[in-house]
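Visitor: Once you've had a glance at the structure underneath, I'll fire off some questions.
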Ligand code: ARG
């Protein structure tokens, strides 16, 4: 199945035993695996499946397959052992193959251009990834980091397998909560509400934090105040009516149904809402820039990007994700309303005390709420409309939602609801769920909240702290680098942010992530900084060779000189990279690549320990060149792997 297996299988398919049994390279490759112990060989062909098909005993079948096969090319020793055909490979031939493949695929100057591990299997197919998707008027919290980075890595992984991937930020900019925010602004900041009568940006210098506090204060007060509670709902209804009318065709034409009074009432709410959205987006943008992501507002209106989108859509979707606010589905193309009408007409939804419900999981399970009893659209309705829009607009083959495990029910209802409406493609939608980010409390227990403030941890604080710490380490450990202020800042940024990202992605996504600063920034452990440091070190090994022996011509490095078992293990690990990437991509599981890289770094570090006395670069030029060639290949794979996780690389640190 993998790079190595495919090549070896192609040779085995020539043997008379396999030919007689009708086993072609593909079938052989599928049954090749690494035996549990190195003594048994480098690869073993398991006969069970085909012996059964042939009605033969596995042991005898194995003997027959191996009969008459002559070891040559990539294969050095062939041996039937019980139900297996064990193979010892020709290290020289394989090493040469693997190195040449990495070198030719990764000849470009930038890690983004390194292609070893890429595949075209997904060509012509489209995946929509719903990622990040924070709510406006609320600061980004750490769980948004998980959705953002897992989603971003999935995007890169699928792209590496030939897919077109549309990354969509389903911005939470709609819902009854915004009625409370508007009511709060009117109640606590009447002068701002006044300003909204005439000005487009009435909220002045309010920050996301302040918006959030305004909402929270109103929410709390309205809990036991019926009048306030009603006011909150009404403010949202006014907003929803306004925006629907504003964007519907009727209203745009002459003499539309929006009377002047409704307009006047609505525009205040609209302006408050829109400004709150702008303020939030500006803050989100800062955070995404930190993380290296670019989002463009949808529909794309600014001329430069619209041009790229029309002329080179593939490039557009590769370089950018898009924001499509939930509000978009209420307004554009009247999607929500059409969806609701459809659900009623087809008797999929039923009326219940003014609300419209879909019983997706039977009468005794909580239903999907399509329209709330106060007439407002629901989170579910907007998600359904979004799914239809995406299907129609991008003709998606698959769609996945990278959202925390706590929304499991929401998504299973969503998919079921779509199916009930006759959208069979809902079967290709999935929820890529993930666990919580946990922080240690003074009593030693792990919980969702911060020790210091007893509140959710803000993503910005977390990243700032990581960058600040790395800055300190650079000053202390590498004063020479610190002197180059610009470069030092770039390194602190890449390493600090990378530390947080790697910590997030290194374990299976469904696990909770314990956030422990020591481990996150441990330059020796299974950490982002360690991986980046290994990468830098590999670059300087080549530098060292250059100093001692002149410019290395990697292709001249003789794989025959790589005789150590540690080197062979590394070669085998390198050969396994394409498989790891393909698997991570198929399963939406970036940790498969992260674990792979940890293993690669660990094998490399063992090799370096073993070669201490001869050193990677020593007096023997040929030996040094062969080894530097291997180091270079490892560096390319490590670098490519880290970029697939969404990390930025540095050349010094
Ligand atoms: N805005 C939601 C939240 O912050 C997440 C939205 C996830 N995506 C979706 N299509 N429902 O919890």
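In my numbering, the protein residues as written are 99 to 751. We put the beta carbon where it would ideally sit given N, CA and C, even for glycine. Note that the coordinates shown come from a computational prediction; the quantities given were computed from them, not determined experimentally.
Quick check: residue 384 and residue 364, are their CB atoms within less than 8 Å of each other?
Guide: On the chain shown, position 286 is the one that residue 384 refers to. On the chain shown, position 266 is the one that residue 364 refers to. Not closer than 8 Å, so no.
Visitor: So the candidates are 243, 210, 264; which of them puts its Cα closest to the Cα of residue 607?
Guide: Here the question's residue 607 lines up with position 509 in the chain shown. Checking every option, the nearest Cα to that of residue 607 belongs to 243.
Visitor: Using 8 Å as the threshold, is the C-beta distance between residue 683 and residue 197 below it?
Guide: For this step, residue 683 is matched to residue 585 along the chain shown. For this step, residue 197 is matched to residue 99 along the chain shown. No. Outside cutoff.
Visitor: Would you report the Cα separation of residue 545 and residue 334, rounded to the nearest angstrom?
Guide: Position 447 of the chain shown holds residue 545. Position 236 of the chain shown holds residue 334. So the two alpha carbons sit approximately 34 Å from each other.
Visitor: Which of helix, strand or coil does DSSP assign to residue 106?
Guide: To locate residue 106, count along the chain shown from 1; it is residue 8. Note: residue 106 maps to helix in three-state DSSP.
Visitor: With DSSP as the reference, identify every bridge partner of residue 210, one or two as the case may be.
Guide: Walking along the chain shown from the start, residue 210 turns up at place 112. None, per the DSSP bridge assignment.
Visitor: What is the C-beta distance between residue 536 and residue 611, in whole angstroms, given that I count them as a contact (C-beta under 8 Å)?
Guide: Position 438 of the chain shown, counted from the first residue, corresponds to residue 536. Position 513 of the chain shown, counted from the first residue, corresponds to residue 611. 7 Å between Cβ atoms; contact.
Visitor: Kindly identify the DSSP beta-bridge partner or partners of residue 434.
Guide: Translated into the one-based positions of the chain shown, residue 434 becomes position 336. Answer by DSSP bridge pairing: none, since residue 434 is not bridged.
Visitor: DSSP three-state label for residue 394, please.
Guide: Translated into the one-based positions of the chain shown, residue 394 becomes position 296. Looking at residue 394 - three-state DSSP - the assignment turns out to be strand.
Visitor: Starting from residue 517, trace the alpha helix (DSSP H) both ways and give me its first and last residue.
Guide: Reading the chain shown from its first residue, position 419 is the one you call residue 517. That run of the alpha helix (DSSP H) goes 506-518.
Visitor: Among 507, 521, 465, which has the Cα closest to the Cα of residue 486?
Guide: For the purposes of this step, residue 486 is identified with residue 388 of the chain shown, where counting begins at 1. Ranking 507, 521, 465 by Cα distance to residue 486 puts 521 first.
Visitor: Which value, in whole angstroms, describes the spacing of the CA atoms of residue 220 and residue 716?
Guide: As a position in the chain shown, residue 220 is number 122, starting the count at 1. As a position in the chain shown, residue 716 is number 618, starting the count at 1. So the two alpha carbons sit approximately 45 Å from each other.
Visitor: Considering only residues of the same chain and omitting the five flanking positions on each side of residue 184, which have a CB-CB separation below 6 Å?
Guide: For the purposes of this step, residue 184 is taken as the residue at position 86 of the chain shown. Closer than 6 Å at Cβ, skipping near neighbours: 138, 139, 142, 177.
Visitor: Looking at the secondary structure, which residues open and close the beta strand (DSSP E) in which residue 456 lies?
Guide: By 1-based counting over the chain shown, the position of residue 456 is 358. Unbroken beta strand (DSSP E) run through residue 456: 453-456.
Visitor: On the three-pair Cβ rule with 8 Å, is the segment 686-696 touching the segment 651-667?
Guide: No: fewer than three Cβ pairs fall under 8 Å.
Visitor: Looking at C-beta atoms only, is the number of pairs between the segment 257-266 and the segment 210-230 that lie closer than 8 Å three or more?
Guide: Result yes; three or more Cβ-Cβ pairs closer than 8 Å.
Visitor: Tell me the DSSP secondary structure of residue 491 in three-state form.
Guide: If you number the chain shown from 1, residue 491 lands on position 393. Residue 491 falls in the helix class under three-state DSSP.
Visitor: Check whether the Cβ of residue 525 lies closer than 7 Å to any heavy atom of the ligand ARG, and answer yes or no.
Guide: In the chain shown, residue 525 corresponds to position 427, counting from 1. Residue 525: no, Cβ never under 7 Å from the ligand ARG.
Visitor: Let me check you understand the geometry: is the CB of residue 484 closer than 7 Å to at least one non-hydrogen atom of the ligand ARG?
Guide: Working through the chain shown from its first residue, we reach residue 484 at position 386. Result yes, Cβ under 7 Å from the ligand ARG.
Visitor: Just curious, the beta strand (DSSP E) that residue 450 is in, first and last residue?
Guide: To locate residue 450, count along the chain shown from 1; it is residue 352. Unbroken beta strand (DSSP E) run through residue 450: 448-450.
Visitor: Write down the C-beta distance between residue 737 and residue 747 rounded to the nearest angstrom, noting that I regard them as a contact closer than 8 Å.
Guide: By 1-based counting over the chain shown, the position of residue 737 is 639. By 1-based counting over the chain shown, the position of residue 747 is 649. Indeed they touch by this definition, with Cβ atoms about 6 Å apart.
Visitor: Could you check whether the segment 450-463 touches the segment 388-407, counting it as contact only if at least three pairs of C-beta atoms, one from each stretch, sit closer than 8 Å?
Guide: Taking 8 Å as the limit for Cβ pairs, the verdict is that the segment 388-407 does not touch the segment 450-463.
Visitor: Does DSSP put residue 538 in a helix, in a strand, or in coil?
Guide: Translated into positions along the chain shown, residue 538 becomes position 440. In this structure, residue 538 counts as strand in the three-state DSSP scheme.
Visitor: Counting Cβ pairs closer than 8 Å, one from the segment 699-706 and one from the segment 272-288, do we hit at least three?
Guide: Short answer: they don't touch.
Visitor: In angstroms with no decimal places, state the Cα-to-Cα distance between residue 719 and residue 668.
Guide: Reading the chain shown from its first residue, position 621 is the one you call residue 719. Reading the chain shown from its first residue, position 570 is the one you call residue 668. Rounded to whole angstroms, residue 719 to residue 668 spans 21 Å at the Cα level.
Visitor: Tell me which same chain residues have a C-beta within less than 6 Å of the C-beta of residue 233, skipping the five on either side of it?
Guide: Looking up residue 233 in the chain shown gives position 135. For residue 233, where only same-chain residues beyond five positions count, the Cβ hits under 6 Å are 270.
Visitor: Enumerate in chain order the residues of its own chain whose CB-to-CB distance from residue 369 is below 8 Å, with the five nearest sequence positions on each side excluded.
Guide: Sequence index remark: in the chain shown, residue 369 carries index 271 (1-based). 294, 297, 298, 299, 300, listed in sequence order.
Visitor: Is residue 491 near the ligand ARG, going by C-beta to nearest heavy atom under 7 Å?
Guide: As a first step, residue 491 must be located in the chain shown, where it is residue number 393. No.
Visitor: According to DSSP, is residue 228 part of a helix, a strand, or is it coil?
Guide: Counting from one through the chain shown, the residue named residue 228 turns up at place 130. Correct three-state label for residue 228: strand.
Visitor: Going by DSSP, which residues form a beta bridge with residue 466?
Guide: Along the chain shown, read from residue 1 onward, the residue named residue 466 stands at position 368. Answer by DSSP bridge pairing, in chain order: 456.
Visitor: Evaluate residue 663 with the Cβ neighbour count: other Cβ atoms within 10 Å of its Cβ, from every protein chain shown; 16 or more gives buried, anything less gives exposed.
Guide: For the purposes of this step, residue 663 is taken as the residue at position 565 of the chain shown. Looking at its Cβ environment, which holds fewer than 16 other Cβ atoms inside 10 Å, residue 663 is exposed.
Visitor: Checking the sheet assignment: what are the DSSP bridge partners for residue 184?
Guide: Here residue 184 corresponds to residue number 86 of the chain shown, with the count starting at 1. DSSP, once it has assigned bridges, lists 142, 177 as partnering residue 184.
Visitor: Spatial neighbours of residue 105 within its chain, please: C-beta separation below 7 Å, excluding the five flanking residues on both sides.
Guide: Within the chain shown, numbered from 1, the residue matching residue 105 stands at position 7. These residues qualify, in order along the chain: 172, 195.
Visitor: Under 7 Å from any heavy atom of the ligand ARG, does the C-beta of residue 157 make it?
Guide: Numbered from 1 along the chain shown, position 59 holds the residue referred to as residue 157. Flag unset: Cβ of residue 157 not near the ligand ARG.
Visitor: Can you determine whether any heavy atom of the ligand ARG sits closer than 7 Å to the C-beta of residue 233, and answer yes or no?
Guide: Here residue 233 refers to the residue found at position 135 when the chain shown is read from its first residue. Correct: residue 233 has its Cβ closer than 7 Å to the ligand ARG.
Visitor: Report yes or no: do three or more beta-carbon pairs, one from the segment 143-151 and one from the segment 121-130, lie closer than 8 Å?
Guide: The segment 143-151 is in contact with the segment 121-130.
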